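In UniProt numbering, the protein residues as written are 1 to 406.
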Ligand SMILES: *Cc1c(COP(=O)(O)O)cnc(C)c1O
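What follows is the structure, given as structure tokens:
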């Protein structure tokens, strides 16, 4: 019992007739737990920036006061920078990366309209499930899990279906690929299609230019390259997307509706309204992540991620690891996928890395289950030192498990 409550006792509760025998559930014993923090080198979540840890306990602000609105303005300015957009409809959803996915799809594609899904990993499968729940017609165009799309693979489908939108993942953390998006916006717009992009594991780690590339709806998350806590997801919409939102006939879910969120975030000026309460530690953290990226600048962050990953890959090659993705230009700078030699068990490898080296990496997900290890070196962890430690720990694990399993 904390000291402020000490003046109240079970006896005083009894005298107020509040401790009757009506309680069918007694108070549980919630004990303190020791947690050994591993180095987070999965495809997410990533470790926090040291500065993010500090802002998590900043004051709680009323959702309708100037201090609060100023924080929202800072966040929107930071997001316009990281997305590289002059668009006004830029804000953050209260929820993890999936809330951004759901918001972008449900605001821009109505029931009965068509969403074309470019499928190469698990995230497009999620988009497929979400779209179906909203009564959206889904069409899928796929490539094998270890390659990316060329415009020639997408254009015939766009031409034939003229879908309301195309969904594609920029960095795919289930396969470790990065999709070239240049020219895709123009291609979509030629057929009256909006371009929707998942940048959850790529934004700020690899080059991305929303306006230049003609992207209409995009979302990201704080728990990956941003090196912040999960639970708040930036989204941005182009002028084309705004026009669609204005003219659409359907209503997306209340909590995700951009028509209601834009006034809360003052996207168009002088509308400071209340829609829902944002989580104070999360918006302080997002603001801090954006401050860090703005200080480092995007080109330096992109170069750091490229250099760290080049180093990591060089070390992996020295230890004879084999990459899942054959073409170097398809490999994502934030998440690396590696195949293990025959006879090795992926789950066992991951467990050993955690137990012996206290490094968290993941096995495959979705299409890569039983086919790859997924190692995320991003954000605050994108350093030579981390790249070397993880490569050395992986080499040790390979040697150790060979003795026992072969
Ligand atoms: C992690 C991830 C997501 C899901 O994000 P959550 O924060 O877990 O909801 C979506 N897309 C990609 C590419 C991811 O890497």
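Built from N, CA and C at the ideal position, the CB exists for glycine as well.
Model, not experiment: these values are computed from the prediction.
A heavy atom of ligand 1 is found nearer than 7 angstroms to the CB of residue 230. Assignment of residue 69 by DSSP, reduced to helix, strand and coil, places it in the helix class. One thing to note: residue 229 has its Cβ within 8 angstroms of the Cβ of residue 222.
Residue side-chain check: residue 369 keeps its Cβ at 7 angstroms or more from all non-hydrogen atoms of ligand 1.
Taking 8 angstroms as the upper bound for CB-CB distance, residue 148 and residue 125 are not in contact here, some 16 angstroms apart. Residue 76 and residue 91 have their C-alpha atoms spaced approximately 6 angstroms apart. Around the beta carbon of residue 247, fewer than 16 other beta carbons sit within 10 angstroms, so the residue counts as exposed. For residue 237, the enclosing beta strand (DSSP E) begins and ends at 232-237. At least one heavy atom of ligand 1 lies closer than 7 angstroms to the C-beta of residue 123.
For the options 160, 153, 133, 136, the alpha carbon positioned closest to that of residue 142 is the one of 153. Ranking 33, 292, 23, 159 by CA distance to the CA of residue 48 puts 292 first. Rounded to whole angstroms, the Cβ separation of residue 308 and residue 382 is 4 angstroms, and the two are in contact under 8 angstroms. By the beta-carbon neighbour count (other beta carbons within 10 angstroms, threshold 16), residue 216 is buried. In this structure, DSSP gives residue 391 a helical state, which the three-state scheme calls helix.
Sorting 86, 335, 193 by C-alpha distance to the C-alpha of residue 113 places 193 at the top. Going by DSSP, residue 58 is part of no beta strand (DSSP E) at all; its letter is neither H nor E.
When C-beta atoms of the stretch 30-48 are compared with those of the stretch 255-275, fewer than three pairs fall below 8 angstroms, so the two segments do not count as touching.
Residue burial annotation: residue 289 is buried, with at least 16 other C-beta atoms found within 10 angstroms of its C-beta. Residue state for residue 97 is assigned as helix, using DSSP reduced to three classes. By the Cβ criterion, the stretch 195-211 is in contact with the stretch 164-171, since at least three pairs of Cβ atoms, one from each stretch, lie closer than 8 angstroms. In terms of Cα proximity to residue 184, the closest of 118, 359, 135, 242 is 118.
Judged by beta-carbon spacing, residue 377 lies within the 8 angstroms limit of residue 312, meaning their Cβ atoms are closer than that value. The Cβ-Cβ distance between residue 130 and residue 93 does not fall below 8 angstroms.
C-alpha of residue 232 to C-alpha of residue 17: approximately 42 angstroms in a straight line. When DSSP reads this structure, residue 359 sits in a beta bridge with 39.
Residue 195 is positioned such that its CB atom lies no closer than 8 angstroms to that of residue 151.
Residue 270 is not a Cβ neighbour of residue 380, given a cutoff of 8 angstroms. Taken through DSSP and simplified to helix, strand or coil, residue 212 comes out as coil.
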